[in-house]
Amino acid sequence: AAAAAAAAAAAGGGGGLPGTRFGLLGSIMMGSGMPQSSRGSRRLKEAAAEGVGGSSGDDDGPGNLARRLRKRAAGSFVSSPASASDDEVPAPAAGVARVEELDSMDVEAGEGATVALLQVGDGEDDAPELPLLHSCKLLGIFCFSFTNGTLLSTYLLATLPTESARINEEYKSLVLGGFIGLAGITQLSGPIAGLLSDRCTSPYGKRRPFMVTGGAVGALGLVLQYAGSQSEDWYLYVFAFLMSMLALNIIFSSMIGLVPDIVPESQMGRANGIIAMLSVTGAVTGFGFWFAVNGDLGLMYLFYVALLVSSLSVTALSAKERPLLKVQPVLTWSLLKECFWVSPTEHHDFFIVFVSRTLYYMGISSQAYFLYFLKDVIGVENPEVAVGLIAIIGQICGSLTAYPAGFLSDLFNNGSKPYIYMACAIMALGNLAFIGCDSLMPVLMLSGVIGGANGVYLTHDYSIAMETLPSKEEAARFMGVWGVGAFIGTALGPAIGGPLLYVVGKTDTPGEYGRPGYAVLLVMSAVYLSLGAYLLRYVRDAK
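Under the UniProt record's numbering, the first residue of the sequence shown is numbered 1, with each subsequent residue one higher.
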């Protein structure tokens, strides 16, 4: 007993096991029951050993040892019937962390004594429980999602199709596919930005420095896009487009890393619902502005800049990050290469989620050609206005379903997969139904149904990614890879669909495509969505 106590005391003073930060803390509790964990410590395993002999009445007996060691342990356990004064144990320190069973150490104590050995150090399970956040606080933290939704929706469905037609009317589908492909390439910056922000030791936090820097670069890129569009300098426009997309990817990768950093697990569904709700509400606002300015591209770019600066300011002020204090390993080329890799075996569930998400975005990428579909097949006289109306209907329905989908998942604790199955099935059937439409009214009705399903999907898209996240300490890096899935899908879909539309749907009228070409796109969209949902059956550790 004396040897064990001496070892424990020495370790508590700074020695201890390799890999620990604060060393080994011992606590010998008198009594027949196992000690209870104090409220502040989390996930503590007890390594217990019982011995014989000794007396609590001796000065050096286990009774006095217990009192001394409990004080050294900073209140890791609060169970002792030895005396009334023994109950006055300090609250557990925030540094209390993992506990490992020490089978190699033989411990002897008095009869009925219990020995618990604690290894205190740093680990992703070590952090104290995060405080609950008010919904208004969550809205502020993830405010950039509003701008992200505005940019991605109006870019895809209105701004880029219009600019592509200005560049070359006859080959506009190929031009648009090229733009979306370039956007996909810029998404490769996400994992690198995530890796760097995971290691950032700035006093302003891990994520905010990257968000603010990305905001400045993105605002400059949008201003240059405006200049290139007005002067029809398409080389400048393409360069500025790449610049803007690069910045947006860095901002989004950093913002999504805030979810595991500051949101408690019990509010994950709600937080992800708010992110999805802000995204679709931003899309509604974007198309509302598109209508208000009658599709004036110059005013759209200025609107993007104002929205980017204002929403990032709110997010940066609302997200109260704790600076990263521990020393990080030296950044090497091998680490940079690894940040693009998710192991299908080591990170099986997250890999499946990544592939599923890629297929989902391949499925919805058919929307990039919806403006042309309305003009060529439905015969709408003003397709720009019609596509804006369709988007507003769809996004309003999505905003109405996004938050409830997250709230219900938290309430019933029934996971994400059932919601994703349902959402993908509805979207796939809706896309197939578009093939038979010959007037605007059924298109509007289907858009509302698909939009509502999409709101449910987006909420649980974030949720299942958080559930399968391999490491919270590298959250932004993995979420950057997860984000790559969206842009790979968004790039692959049009890259495959654009040439198919050109070949299958080509007509005698230059720049016009027939129904068979769009039917191929919509069938492929339904197949992608169905495959994306089916793959989630193989996710093992998420509901």
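The beta-carbon is built from N, C-alpha and C at its ideal position, and this holds for glycine as well.
- In this structure, DSSP gives K206 a state outside helix and strand, which the three-state scheme calls coil.
- If the five residues before and after E512 are omitted, its C-beta is found closer than 6 Å to the C-beta atoms of D376, all from its own chain and listed in chain order.
- When DSSP assignments are scanned along the segment 244-301, the uninterrupted stretches of alpha helix (DSSP H) that are 4 or more residues long and fall wholly within it turn out to be 258-262, 268-292.
- Rounded to the nearest whole angstrom, the CA to CA distance from L248 to E346 is 30 Å.
- The segment 348-355 makes no contact with the segment 515-524, as fewer than three CB pairs between them are under 8 Å.
- Here DSSP, grouped into helix, strand and coil, assigns Y171 to coil.
- Taking the C-beta atoms as reference points, L302 is found no nearer than 9 Å to Y372.
- Within the model, the alpha-carbon separation for A402 versus P418 is close to 15 Å.
- With a 10 Å radius around the Cβ and a threshold of 16 neighbouring Cβ atoms, R540 comes out exposed.
- For I464, the uninterrupted alpha helix (DSSP H) segment begins and ends at 440-467.
- Sequence-distant partners of G430 (beyond 5 residues in either direction) whose C-beta falls short of 7 Å from its own C-beta, in its chain, are L446, V449, I450.
- K375 sits in a helix when the DSSP states are folded into three classes.
- In this structure, G406 sits near N272, with a CB-CB distance shorter than 9 Å.
- In terms of CA proximity to T358, G493 leads the group E163, I250, I256, G493.
- Within the same chain, S244, Y301, Y304, V305 come within 6 Å of L222 by CB-CB distance, once the 5 residues on both sides are set aside.
- By the Cβ test, the segment 278-289 is in contact with the segment 148-157, since at least three Cβ pairs between them sit closer than 8 Å.
- The alpha carbon of E232 has as its nearest neighbour, out of L312, I392, G298, the alpha carbon of G298.
- Distances from the alpha-carbon of E321 to those of F291, C136, V263, V342 put V263 closest.
- Cβ contact annotation for L224 (same chain, cutoff 6 Å, sequence separation greater than five): A240, in chain order.
- Of the residues assessed, G436 falls on the exposed side of the cut-off, its CB having fewer than 16 other CB atoms within 10 angstroms.
- Under the 8 Å Cβ criterion, the segment 175-189 counts as touching the segment 489-503, having at least three qualifying pairs.
- Around T459, the same chain offers N272, G273, A276, A402, A405, G406 as residues with beta carbons nearer than 6 Å, after the five sequence neighbours per side are excluded.
- It is roughly 25 Å from the alpha-carbon of S356 to the alpha-carbon of T281.
- The Cβ neighbour count for T468, taken over all protein chains shown within 10 Å, is at least 16; the residue is labelled buried.
- Looking only at G514, Q187, G388, S399, the smallest Cα-Cα distance to W482 is reached by Q187.
- Around the beta-carbon of V259, 16 or more other beta-carbon atoms lie within 10 Å, marking it buried.
- Considering only S409, S416, L411, N454, the residue with the shortest C-alpha distance to M427 is N454.
- Contact annotation: Y369 and G489 have beta-carbon atoms that are not nearer than 9 Å.
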